[in-house]
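Only one structure is covered here, and it is reproduced in the block below.
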Amino acid sequence: MTDAALNPAANTGPRARFNLEAWVMRGGIAIAGLFLLVSVILPLYAMLSKSFEDKDGNFVGLTNYATYFDTPSLAYSISNSLTVSIVATVIVISLAFAYAYAITRTCMRFKGFFRLVALVPILAPSLLPGISFIYMFGKKGFMRELLMGEPIYGFIGIVLGSSFWTFPHALLIMNTALSLSDARLYEAAEALRASKLRTFFTVTLPGAKYGVISAVFVVFTLVITDFGVPKVIGGQYSVLATDIYKQVIGQQNFQMGAVVSVMLLIPAVLAFSVDRLVQRRQVALLSARAVPYQPKPSRGRDLGALIFCTVIAGMLLLVLGVAAYASFVKFWPYNLSLGFTHYNFEIMDGGGWGAWYNSIKLAALTALIGTGLIFTVAYLVEKGQGARFGRVVIQAMAMVPLAVPGMVLGLAYIFFFNNPANPLSGIYATMAILVLSTVAHFYTVAHLTAVTALKQIDGEFESVSSSLKVPFWTTFSRVTVPVCQPAIFSMAVYLFMNAMTTVSAVVFLYSPDTNLASVAVMNMDDAGDIAPAAAMAMMIVYTNLTAVVIYGLLSRFVEKRTQAWRTR
Amino acid sequence: MKIDISKYVTSVASFALAGGLAVNAASAETLTVYTAVEAEDLAKYAAAFNAHHPDIEIKWVRDSTGIVTAKLLAEKDNPQADVVWGLAGTSLILLKGEGMLEPYAPNGVKELDPKFVDSEVPPSWVGMDAWVASVCVNIPEAEAAGLPMPASWKDLTKPVYKGQVIMPNPASSGTGFLDVSSWLQMFGEEGGWAYMDGLHENIARYTHSGSKPCKLAAAGEIPIGISFAFRGAKSKAAGAPLEIVVPSEGVGWDMEAAAIVKGTDAMDAAKKLMDFVVSKEANEMYNSGYAVVAYPGVAKPVEHFPEGLVDAMIDNDFDFAAKNRKAILAEWQKRYDSKSEAK
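So the protein lines, in turn, are chains A and B. All residue numbers for the first sequence refer to this note's numbering, where the first residue is 1 and numbers rise by one. All residue numbers for the second sequence refer to this note's numbering, where the first residue is 1 and numbers rise by one.
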């Protein structure tokens with residue numbers, strides 16, 4: 001042993017391998033950085049510079065922006081967008097808070113059921129609530145009296161539709177925020193004879209503060225960047241997201257599209273940064289001595305919670321049910337007999353059944369490639385050695401997609417990839433660009449999931465491996481990946497479902513060969529074929545439901561094999 | 001053993017290669033065809049053409065007239081389309097002005113009504129049929145809302161119709177544009193805009209496509225939809241309680257036309273398609289939805305079409321419409337594009 005250590009010649013073997021390992025690591029980090037640069041940063045730069053150019057590509061400074069603010073019908077959308085986003089956020093946050101409170105802080109029955117039903121909107125494209133509302137609140141809607149003569153098209157429709165599809169996103173955050181609380185605080189409040197109301201305002205709300213703030217920004221960003229709801233049911237109420245579409249697709253005015261994109265990027269980035277700042281201040285609420293809060297039965301409160309949750313869950317299911325039913329009705333409202341006529345997509349806009357197959361292909365590829373890529377990058381960033389600066393930069397770049405609206409990303413891809421000077425321009429109008437844009441669009445949440453899982457693994461594994469002279473890729477495949485199996489599966493299903501439902505980025509990037517189901521929903525609705533649009537939207541829901549069931553079965557099966565160490 | 005495997009691999013590979021070549025040979029040519037024809041008719045059109053030329057595959061790119069026009073203009077320097085089959089004549093005149101069309105006289109073009117063919121020789125575009133504006137009124141919905149049956153365009157500006165009318169956005173829809181262009185021709189420039197100011201007060205919203213207003217009227221979503229006759233006839237045939245009104249002042253129309261896009265690398269196939277486009281058989285096909293077609297003597301009455309529609313067609317000045325298209329749309333957007341300004 002000592003001999004070998006003293007003899008430099010004997011050392012070359014292990015050291016050479018160590019160098020190879022470091023080299024592979026650095027190479028991996030460089031490739032990861034390059035990927036994020038090409039798929040996120042450079043396209044955004046291309047879009048930003050386009051907003052300062054005229055049609056022929058000359059730099060014109062702020063001229064386009066001046067035109068924008070001089071056109072009342074365009075500039076008006078800024079306040080429209082802000083108004084619907086704020087109103088929808090207030091509604092969703094209040095409802096989701098109450099719903100989460102009922103699930104976490106009461107002894108209501110059927111909690112598991114309510115928890116599940118609240119997630120239903122995630123399965124559907126955001127175009128779906130718009131379509132359902134036409135059947136519910138339109139001129140011939142069976143619930144139109146509820147609106148007291150107000151038309152559903154416009155402000156009301158956008159707020160209602162946005163509330164439907166963002167509800168689960170708010171609820172997931174609220175559930176986490178409300179389930180962490182220290183029972184000792186409630187005991188203290190009780191001992192001090194604080195009223196229930198006072199306890200709520202001095203203990204419950206402050207405890208959930210960061211969750212609520214985070215949910216506010218998430219919902220606000222989702223609503224302001226959404227394209228599906230205002231497209232279907234926005235009527236003449238123009239918002240920024242639909243303006244980008246109108247400028248680019250309707251008038252092929254790419255420069256103005258870029259300007260509107262910047263307008264949409266600003267609130268999204270602001271909301272994102274404020275949220276990040278606030279989250280940084282969060283301190284651990286649960287100290288080691290905390291006692292988890294256990295709700296005690298209280299008949300009145302529990303019954304109230306049950307009624308409230310039943311109403312909300314009922315509404316969510318109703319919206320989905322209406323779309324499912326309407327897709328079978330032969331000729332609403334004059335011929336209510338049922339049939340499959342609207343599933344004959346071949347005679348409609350949007351690309352027929354081929355669009356549905358393409359969507360499944362896109363979703364599967366996004367899930368497969370995206371999960372592998374994002375997880376590997378997260379591993380390099382989290383567990384990598386050396387290249388510290390590179391890892392910090394990648395970490396920062398990985399957060400950017402969350403603040404970038406899909407419409408903006410899609411338009412940025414046109415500018416960047418539909419440029420003959422770009423060596424990657426060959427992927428334009430192919431399935432590859434759809435996969436790339438979708439991976440980039442949903443990168444951040446998947447990345448954070450991976451990082452959270454990786455953080456749970458003790459760094460000792462890497463230390464032990466390296467002292468045993470095991471290269472990191474062996475540790476990665478033998479320890480890290482199996483241990484993180486649950487997180488990897490949930491990343492894959494997250495990417496799959498979002499690829500099935502997304503419209504915003506891909507609406508600028510699909511081609512006649514790569515029609516997508518979600519885009520077909522939009523195109524059929526545009527042509528006035530609302531029932532077939534509902535039918536295709538439901539096909540997306542069924543597909544996602546199948547994916548979730550497979551995910552459940554598969555993870556139960558794999559968990560038995562890879563997660564046995566979690567139980568003792 | 002080893003040799004066997006390699007033999008097997010070679011034979012499979014050569015088989016696959018041969019198969020690939022065979023497939024390539026079968027689908028020798030693909031034509032990218034831009035169109036604004038109703039989606040439900042595209043398969044029928046392609047099948048009729050493929051009956052004569054099974055070796056030419058048509059790849060459709062369909063959207064509303066305004067979108068297809070804007071797309072073609074945007075792709076001017078790098079055209080993606082080989083042929084345009086079924087786009088507004090106004091748009092093709094505009095594209096011809098931009099030098100984007102390849103003049104070609106299809107075999108049999110002489111048989112067509114000269115009104116439907118570009119006057120230059122050889123023609124840059126050939127017409128197929130005329131599509132004509134009409135107003136779709138949902139009878140029970142109009143009765144329920146206490147609306148009298150409109151008889152003229154002017155009727156639609158009456159206060160009783162406030163919020164009860166939907167029309168297509170002329171920037172995206174060819175039907176919307178032919179309405180606006182016909183009002184400007186019938187009522188004069190000043191009168192036309194004054195008319196639209198009044199109409200705007202009654203419009204619930206402007207739609208992206210020209211068929212949607214009639215489909216919405218057919219579904220009872222709105223009592224009155226300004227659309228085109230063919231769409232109304234189709235919805236009526238599907239069982240919608242519609243009355244298709246031909247306004248008494250006359251109705252705007254545009255022709256659907258076809259042309260070869262300059263710069264296509266599939267010129268032979270494009271010419272074959274154009275030869276088919278002007279054929280009697282193709283015109284009989286157009287007649288299933290359009291009362292007026294380019295081939296004289298072919299047209300038979302279309303079921304559910306309103307009476308007097310053909311006589312009500314105005315004497316359309318296509319050059320006016322094509323030349324002023326951009327200015328008209330800019331003015332329209334300035335005045336009406338945001339409903340928020342109006343109410």
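We put the CB at the ideal spot given by N, CA and C, even for glycine. From a predicted model like this one, the values you see are computed outputs, not experimental measurements.
Legend entry - Simplified DSSP assignment, three categories, for A/Leu205: helix
Inset, instruction - Output yes if chain A places a C-beta closer than 7 Å to the C-beta of B/Val61; else output no. - result: yes
Legend entry - Spatially closest choice to B/Thr32 from B/Leu42, B/Lys115, B/Glu57, B/Leu216, by CA coordinates: B/Glu57
Legend entry - Exposure label - A/Thr452; buried when at least 16 CB within 10 Å: exposed
Inset, instruction - Determine the contact status of A/Gly350 and A/Asn175, defining contact as a CB-CB distance below 7 Å. - result: no
Inset, instruction - For A/Glu53, write down the residues that DSSP places opposite it in a beta bridge. - result: A/Phe59
Legend entry - 6 Å Cβ shell around A/Leu336 - same chain, five flanking residues per side excluded: Val329
Legend entry - Length of the line joining the Cα atoms of B/Ile328 and B/Phe187: 15 Å
Inset, instruction - Taking B/Asp337 as the query, report the chain A residues whose CB atoms sit under 7 Å from its CB, ordered along the chain. - result: Ser73
Inset, instruction - Pick helix, strand or coil for A/Leu454, following the three-state DSSP scheme. - result: helix
Inset, instruction - Enumerate in chain order the residues of its own chain whose CB-to-CB distance from B/Ala282 is below 6 Å, with the five nearest sequence positions on each side excluded. - result: Phe276
Legend entry - A/Asp539 (DSSP reduced to helix, strand or coil): Here residue 539 of chain A is Met; the residue named in the question, Asp, does not match the sequence. Three-state result, A/Met539: helix.
Inset, instruction - Could you tell me whether any Cβ in chain A is nearer than 7 Å to the Cβ of B/Glu303? - result: no
Inset, instruction - Over the uninterrupted alpha helix (DSSP H) stretch that includes A/Ser466, give me the two end residues. - result: 460-467
Inset, instruction - Determine the chain B residues that contact A/Ile347 at a beta-carbon separation under 8 Å, and present them in chain order. - result: Ala39, Glu40, Ala43
Legend entry - Nearest-angstrom Cα separation, counted from B/Ile166 out to A/Gln282: 52 Å
Legend entry - Residue-level contact to chain A via CB, B/His208, 7 Å cutoff: yes
Inset, instruction - Indicate the three-state DSSP secondary structure (helix, strand or coil) for A/Asn64 in the structure shown. - result: helix
Legend entry - Exposure of B/Ile139, with buried meaning 16 or more beta-carbon neighbours within 10 Å: exposed
Inset, instruction - Say whether chain A places a C-beta atom closer than 7 Å to the C-beta of B/Gly398. - result: Residue 398 of chain B is absent from the structure shown; chain B starts at 1 and stops at 343.
Legend entry - Span separating the alpha-carbon of B/Glu143 from that of B/Ile203: 18 Å
Legend entry - Under the three-state DSSP convention, the category A/Phe336 falls into: Residue identity differs from the one stated: residue 336 of chain A is Leu in this sequence, not Phe. Strand at A/Leu336.
Legend entry - Where A/Asn358 meets chain B, residues with beta-carbon distance less than 7 Å: Those within 7 Å of A/Asn358 in chain B number zero; the least Cβ separation is about 15 Å.
Legend entry - Among A/Asp182, A/Gly112, A/Val259, the one whose alpha carbon lies nearest that of A/Lys55: A/Val259
Inset, instruction - Determine the DSSP secondary structure at B/Gly225, reduced to helix, strand or coil. - result: strand
Inset, instruction - Given a cut-off of 7 Å, decide if A/Pro297 and A/Cys107 are closer than it, judged by their beta-carbon atoms. - result: yes
Inset, instruction - Please check if any C-beta of chain A sits within less than 7 Å of the C-beta of B/Gly146. - result: no
Inset, instruction - Give, in chain order, every residue of the region 216-247 of chain B whose Cβ lies closer than 7 Å to some Cβ of chain A. - result: Leu216, Ala219, Gly220, Glu221, Ile222, Ala238, Gly239, Ala240, Pro241
Inset, instruction - Taking the CB atoms as reference points, tell me whether A/Gly410 and A/Leu509 lie closer together than 7 Å. - result: yes
Legend entry - Where B/Lys59 sits in the DSSP three-state scheme: strand
Legend entry - Nearest-angstrom beta carbon gap, A/Ile41 and A/Met399 [assumed within contact, 8 Å]: The Cβ separation is near 12 Å, so there is no contact.
Inset, instruction - For chain B, find out if any of its Cβ atoms is closer than 7 Å to the Cβ of A/Ala355; answer yes or no. - result: no
Inset, instruction - Please classify A/Ser49: is it buried, with 16 or more other beta-carbons within 10 angstroms of its beta-carbon, or exposed? - result: exposed
Inset, instruction - Sort A/Ser81, A/Glu462, A/Leu318 by Cα distance to A/Ser132 and report the nearest one. - result: A/Leu318
Inset, instruction - Could you tell me whether any Cβ in chain B is nearer than 7 Å to the Cβ of A/Lys231? - result: no
Legend entry - Cβ of B/Arg205 within 7 Å of any chain A Cβ: yes
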